[in-house]
Amino acid sequence: MIEVLETHCKLVYLKAMTDLDKIRNFSIVAHIDHGKSTLADRLIQDCGGLSAREMSEQVLDNMDIERERGITIKAQTVRLTYKAKNGETYVLNLMDTPGHVDFGYEVSRSLSACEGSLLVVDASQGVEAQTLANVYQALDADHEIITVLNKMDLPAAEPDRVKSQIEDVIGLPADEAVAVSAKTGMGIENVLEKIVTTLPAPQGDATAPLKALLVDSWYDAYLGVMTLVRVRDGVLKKGMKVRMMATGAVHTIERVGVFGPKPTAVDQLGPGEIGFINAAVKTVSDAKVGDTITEDRRVCDDVLPGFKPSVPVVFCGLFPIDTADFPALREALEKLSLNDSSFSFEAETSAALGFGFRCGFLGLLHMEVIRERLSREFDLDLISTAPSVVYQLTMTDGSKRNMHNPADMPEVTRIRSIEEPWIKATILTPDEFLGQVLTLCVERRGEQIDLTYAGSRAMVVYRLPLNEVVFDFYDRLKSATKGYASFDYQIDDYVEGELVKVSILVNSDPVDALSMIVHKEQSEYRGRAICARLKDLIPRQMFKIALQAAIGGKVIARETISALRKDVTAKCYGGDVSRKRKLLDKQKEGKKRMRQFGKVDIPQNAFLEALKMGDN
Numbered sequence: 044m045i046e047v048l049e050t051h052c053k054l055v056y057l058k059a060m061t062d063l064d065k066i067r068n069f070s071i072v073a074h075i076d077h078g079k080s081t082l083a084d085r086l087i088q089d090c091g092g093l094s095a096r097e098m099s100e101q102v103l104d105n106m107d108i109e110r111e112r113g114i115t116i117k118a119q120t121v122r123l124t125y126k127a128k129n130g131e132t133y134v135l136n137l138m139d140t141p142g143h144v145d146f147g148y149e150v151s152r153s154l155s156a157c158e159g160s161l162l163v164v165d166a167s168q169g170v171e172a173q174t175l176a177n178v179y180q181a182l183d184a185d186h187e188i189i190t191v192l193n194k195m196d197l198p199a200a201e202p203d204r205v206k207s208q209i210e211d212v213i214g215l216p217a218d219e220a221v222a223v224s225a226k227t228g229m230g231i232e233n234v235l236e237k238i239v240t241t242l243p244a245p246q247g248d249a250t251a252p253l254k255a256l257l258v259d260s261w262y263d264a265y266l267g268v269m270t271l272v273r274v275r276d277g278v279l280k281k282g283m284k285v286r287m288m289a290t291g292a293v294h295t296i297e298r299v300g301v302f303g304p305k306p307t308a309v310d311q312l313g314p315g316e317i318g319f320i321n322a323a324v325k326t327v328s329d330a331k332v333g334d335t336i337t338e339d340r341r342v343c344d345d346v347l348p349g350f351k352p353s354v355p356v357v358f359c360g361l362f363p364i365d366t367a368d369f370p371a372l373r374e375a376l377e378k379l380s381l382n383d384s385s386f387s388f389e390a391e392t393s394a395a396l397g398f399g400f401r402c403g404f405l406g407l408l409h410m411e412v413i414r415e416r417l418s419r420e421f422d423l424d425l426i427s428t429a430p431s432v433v434y435q436l437t438m439t440d441g442s443k444r445n446m447h448n449p450a451d452m453p454e455v456t457r458i459r460s461i462e463e464p465w466i467k468a469t470i471l472t473p474d475e476f477l478g479q480v481l482t483l484c485v486e487r488r489g490e491q492i493d494l495t496y497a498g499s500r501a502m503v504v505y506r507l508p509l510n511e512v513v514f515d516f517y518d519r520l521k522s523a524t525k526g527y528a529s530f531d532y533q534i535d536d537y538v539e540g541e542l543v544k545v546s547i548l549v550n551s552d553p554v555d556a557l558s559m560i561v562h563k564e565q566s567e568y569r570g571r572a573i574c575a576r577l578k579d580l581i582p583r584q585m586f587k588i589a590l591q592a593a594i595g596g597k598v599i600a601r602e603t604i605s606a607l608r609k610d611v612t613a614k615c616y617g618g619d620v621s622r623k624r625k626l627l628d629k630q631k632e633g634k635k636r637m638r639q640f641g642k643v644d645i646p647q648n649a650f651l652e653a654l655k656m657g658d659n
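Below, the structure written as structure tokens:
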């Protein structure tokens with residue numbers, strides 16, 4: 044009887060191994076606008092994932108904002124079935140990833156669930172900064188890489204030049220690159236054949252204890268928390284009791300399914316397969332991304348490596364224009380955080396703007412997307428303060444603390460040193476714009492690391508303070524290079540710097556929402572610029588208003604808004620001059636008293652415009 048059971052287990056194991064040979068897990072990686080989502084559309088269409096009637100452009104981009112901007116924000120998974128030329132049927136698990144640097148965290152998570160990658164390169168534009176960043180992430184994940192030259196239908200396509208660029212800049216052989224046009228469908232069959240013949244099959248043991256990687260989790264209004272998993276060993280079935288190894292929580296699986304791209308229920312997920320589960324998890328925070336899922340009764344020996352947690356790098360305050368909307372803003376942020384765990388928020392108050400939240404983002408585009416979603420999906424009118432980065436303060440007593448908001452900076456006498464985050468930036472630009480790019484980087488306190496050429500394009504590597512990049516660096520770079528430069532960065536290290544807090548005072552009252560941390564050398568310029576801007580934005584009152592920028596007790600810039608003057612002598616026609624003088628002196632006394640007790644109301648649009656320092 045025991046021998047029969049052993050034989051049965053071996054047969055099950057062999058069957059699982061045979062099935063493994065027919066599975067291919069791969070991500071699509073590329074620079075922004077090089078055609079990842081369009082290529083995914085064509086692969087879905089060719090494999091019959093959706094009918095012609097159900098197909099639409101960017102079918103995997105679910106959010107309106109993704110479709111309108113033409114960008115992918117959330118990585119999406121789809122399971123396809125493909126019958127190859129050799130007659131075998133393969134299961135393809137495709138993961139479409141974002142291209143923008145702010146969503147690099149989504150890319151790294153997707154890559155960890157796959158064995159291979161399709162590297163899509165625009166045949167007219169060639170290798171860009173984010174192409175490099177994403178392919179290096181794929182190589183770090185030990186991926187087999189297939190190079191795909193997209194947009195071959197364009198008259199400007201130069202496949203030979205781009206192939207040599209791929210070999211020179213990335214170091215990958217490009218002689219077998221697949222030429223396609225995702226728009227017209229040319230070469231899609233060749234890509235599918237290349238996937239099944241070149242990419243490795245996943246490894247796994249169906250008889251071993253369950254070991255699955257929790258790749259992503261999000262909240263569904265009808266089904267609750269949805270969890271995307273990649274099974275390494277064992278089998279995941281409906282009704283099974285599973286344990287989250289990081290939290291120790293035990294849940295019963297209610298539903299197992301795959302995205303095809305529509306959610307489809309299946310009986311089980313075996314080794315090498317990617318799918319979703321519902322397990323009555325109440326909040327997304329309970330389903331920790333990167334956790335290892337195992338069976339409660341038969342726990343696996345070791346946990347999977349998981350992912351580094353996403354760390355917000357840019358912070359800004361979000362305040363409702365109407366203070367009555369504060370509870371609605373709290374509820375909206377809580378709902379958004381269910382579907383995007385990479386941004387954080389905490390309540391804060393401002394003397395100028397009232398109650399609001401301090402929010403942390405992965406970058407400026409991430410910040411912009413969240414703001415737009417709050418505006419569209421929840422109909423909220425918001426003011427955002429100037430974006431700032433996280434500074435590390437070393438106090439005189441030896442303690443260390445992080446500072447997200449310039450308004451929270453303690454007394455200078457208590458601070459021994461301030462450290463700011465620096466980034467390693469890679470910029471690819473046509474040769475004729477190199478001078479402007481180098482000038483811009485030097486202006487932003489940059490330190491050059493490397494300068495190489497790939498044909499007529501220069502690749503510049505610089506170390507830059509993140510504080511100098513978050514305001515308007517990307518816009519200035521695009522302006523200087525007529526839109527041809529591409530930019531990618533990664534956090535490098537914290538470096539001590541001569542940083543000071545510039546406070547803005549209106550009629551001697553500090554306005555905390557406008558305070559900022561800048562380098563000592565640029566403090567005077569920044570102070571003058573914001574005072575000059577406020578002078579145009581704040582309406583005149585019946586008394587003079589002093590606008591000042593100060594570092595501690597030292598005023599570094601000043602502008603004065605002149606008073607509106609009522610003609611109190613209009614009723615005096617002729618007569619002695621002393622009558623007019625008496626009225627003017629009386630007016631002067633009144634203005635003096637108004638200046639002393641009068642409160643300056645700064646209009647909301649003045650905050651918004653004043654914070655757009657990059658326009659100056």
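When we follow our numbering, the leftmost residue of the sequence shown carries the number 44, and every step to the right adds one.
Glycine included, C-beta positions come from ideal geometry on N, C-alpha and C.
Item	Value
Would residue 63 be called buried (16 or more neighbouring beta carbons within 10 Å of its own) or exposed?	buried
At 4 residues or longer, what runs of the alpha helix (DSSP H) sit wholly inside the segment 566–629?	566–580
What is the residue span of the alpha helix (DSSP H) that residue 409 lies within?	407–421
Would you list the residues sitting across from residue 168 in a DSSP beta bridge?	Note: residue 168 sits in no beta bridge, so no partner.
Using alpha carbons as the reference points, say which of 397, 383, 187 and 560 lies closest to residue 409.	383
Would you mind stating whether residue 121 and residue 318 have Cβ atoms separated by less than 8 angstroms?	no
Can you give me the start and stop residues for the alpha helix (DSSP H) that residue 517 sits inside?	516–523
What does a CB cutoff of less than 7 angstroms around residue 128 pick up in its chain, not counting 5 residues either side in sequence?	236
Assuming residue 528 and residue 456 form a contact by the criterion Cβ under 8 angstroms, report the distance between their Cβ atoms to the nearest whole angstrom.	No, residue 528 and residue 456 are not in contact; Cβ-Cβ is about 44 angstroms, not under 8 angstroms.
Give every residue of the same chain whose Cβ lies closer than 8 angstroms to the Cβ of residue 329, excluding the five residues on either side of it in the sequence, and list them in chain order.	268, 287, 290 and 292
On the CB-based measure, 16 or more other CB atoms within 10 Å of its CB, does residue 138 come out buried or exposed?	buried
Check whether the Cβ atoms of residue 279 and residue 246 lie closer than 8 angstroms to each other.	no
In three-state terms, what does DSSP make of residue 250?	coil
Give the single residue among 506, 373 and 336 whose Cα lies nearest to the Cα of residue 491.	506
Secondary structure at residue 359, three-state DSSP: helix, strand or coil?	strand
Measuring alpha carbon to alpha carbon, tell me which of 463, 545, 250 and 580 ends up nearest residue 565.	545
Determine the direct distance from the alpha carbon of residue 308 to that of residue 297, and round the result to whole angstroms.	11 angstroms
Provide the residue span of the beta strand (DSSP E) that contains residue 393, from first to last.	387–393
Please determine, among 90, 475, 208 and 541, the residue with the shortest C-alpha to C-alpha distance to residue 175.	208
Counting Cβ pairs, one atom from each stretch, are 3 or more of them under 8 angstroms apart for the segment 170–187 and the segment 460–471?	yes
Leaving out five residues on either side along the sequence, give the residues of the same chain with a beta carbon under 7 angstroms from the beta carbon of residue 519.	483
May I ask you to verify whether the segment 441–461 touches the segment 552–561, counting CB pairs closer than 8 angstroms and requiring at least 3?	yes
Between which residues of its own chain and residue 497 is the CB-CB distance below 6 angstroms, once the five residues before and five after are set aside?	208, 211 and 212
Exposed or buried, residue 240, counting other C-beta atoms within 10 Å across all chains shown (16 or more means buried)?	exposed
Could you please give me the residues that DSSP links to residue 527 through a beta bridge?	Bridge partners of residue 527: none, in fact.
Would you tell me roughly how many angstroms separate the C-alpha atoms of residue 255 and residue 526, rounded to the nearest one?	43 angstroms
Just how far apart, CA to CA, sit residue 377 and residue 411?	17 angstroms
By Cβ distance, which residues of its chain are closer than 8 angstroms to residue 150, with the 5 residues on each side in sequence left out?	70, 72, 118, 140, 141, 177 and 180
Taking the alpha helix (DSSP H) that residue 455 falls in, what are its first and last residues?	No alpha helix (DSSP H) holds residue 455; DSSP gives it neither H nor E.
Could you tell me the alpha carbon to alpha carbon distance between residue 88 and residue 166, rounded to whole angstroms?	23 angstroms
Rounded C-beta distance between residue 360 and residue 401? I'm assuming under 8 angstroms.	5 angstroms
Would you tell me roughly how many angstroms separate the C-alpha atoms of residue 521 and residue 406, rounded to the nearest one?	17 angstroms
In angstroms, rounded to a whole number, what distance separates the CA positions of residue 37 and residue 74?	Summary: the structure shown does not reach residue 37, with the chain confined to residues 44 through 659, and so no result is reported for it.
CA-CA distance, residue 602 and residue 425?	28 angstroms
Let me check understanding here. Comparing Cα to Cα, which of 444, 465 and 466 lies closest to residue 459?	444
What first and last residue would you give for the beta strand (DSSP E) that runs through residue 306?	306–308
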